[in-house]
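Numbering (the numbering used here), first residue to last: 1029 to 1324.
So, in structure tokens, the structure goes:
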């Protein structure tokens, strides 16, 4: 192992260790905030909601159900003490510091200035070397939202941006080879997808879903002397707001079921299979005999 590798691994261990310690303390603070309102999807008791939230906050590794590049989601709205909000702020600062380190390593350096992110495979190898091959970097650096005040209402919904482009099998092969190179070929799912792609006829057109984002958002309503003020924010992770013991809980409309939403396909979605053929690069096969053009 080179000296540069050793230095980089020491930095990774330190940054990840500091973050995990702060997340543990944040989880403990969330559970200790009993008596304050707390809502988490799928939980009908405040105690269980806080326990589920604390466990979610501390997860930094890929679960078996996640696709490469995916992140776990949990909708929640938690009233928090000043102590808990301080820990959220500390966690967010550590996440930002870890993100900066990962970006530098992606460009092949330990200290700035960073260059182009051409060394992501090296970062993946470093994480594997410290026993964190399943480390979910996107989830680890995702910050948590602190609201300035208690909302009186919250309505969750799915936001979506979707564009479908027709590509050839060779174009899909190049995209998949690039993804394999970026991850250092450590994910067996990439290799199995590559083999499935090469089994297709060379002239079969494929559909890449570009900029596909189905993400939870929430409309929040805040009371002011001038009347209600509304704000929309991302809601992939629990939101925190200041609240005293015994504070009134907001009215909440939970997130609708995503699978039901997906069944209401738009006209340009009707020509492709519902499930991705190559999930790593968001490529679908066209439905046989369906009409499709160069851009759907």
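Yeah, the Cβ is synthetic: ideal placement off N, Cα and C, and Gly gets one too.
Quick caveat, the model's predicted, so the values are computed rather than measured.
Query	Result
Counted within 10 angstroms of its Cβ, other Cβ atoms place residue 1040 as buried (16 or more) or exposed	buried
Complete runs of the beta strand (DSSP E) confined to the segment 1138 to 1210 [at least 3 residues]	1181 to 1195
Per DSSP, the bridge partner or partners of residue 1242	1188
Element boundaries [alpha helix (DSSP H), containing residue 1262]	Taken as a continuous stretch (DSSP letters only), residue 1262 belongs to no alpha helix (DSSP H), being part of the beta strand (DSSP E) at 1257 to 1262.
Whether residue 1186 touches residue 1242 by CB criterion (7 Å)	yes
Cα-Cα separation between residue 1055 and residue 1247, rounded to whole angstroms	26 Å
Continuous alpha helix (DSSP H) stretch holding residue 1042: start and end	1031 to 1060
Test item: CB-CB of residue 1068 and residue 1077 under 7 Å	yes
Separation of residue 1104 from residue 1169, as counted between CA atoms	19 Å
Nearest residue (CA-CA) to residue 1120, options 1282, 1201 and 1086	1086
Sequence-distant residues of its chain with Cβ nearer than 6 Å to residue 1066 (five each side left out)	1074, 1077, 1078 and 1106
Segment contact flag, the segment 1224 to 1235 with the segment 1304 to 1312, C-beta cutoff 8 Å, min 3 pairs	yes
Whole-angstrom C-beta distance between residue 1306 and residue 1200, which should lie under 8 Å	6 Å
Nearest-angstrom Cα separation, counted from residue 1254 out to residue 1408	Nothing can be reported for residue 1408, as the shown portion of the chain is limited to 1029 through 1324.
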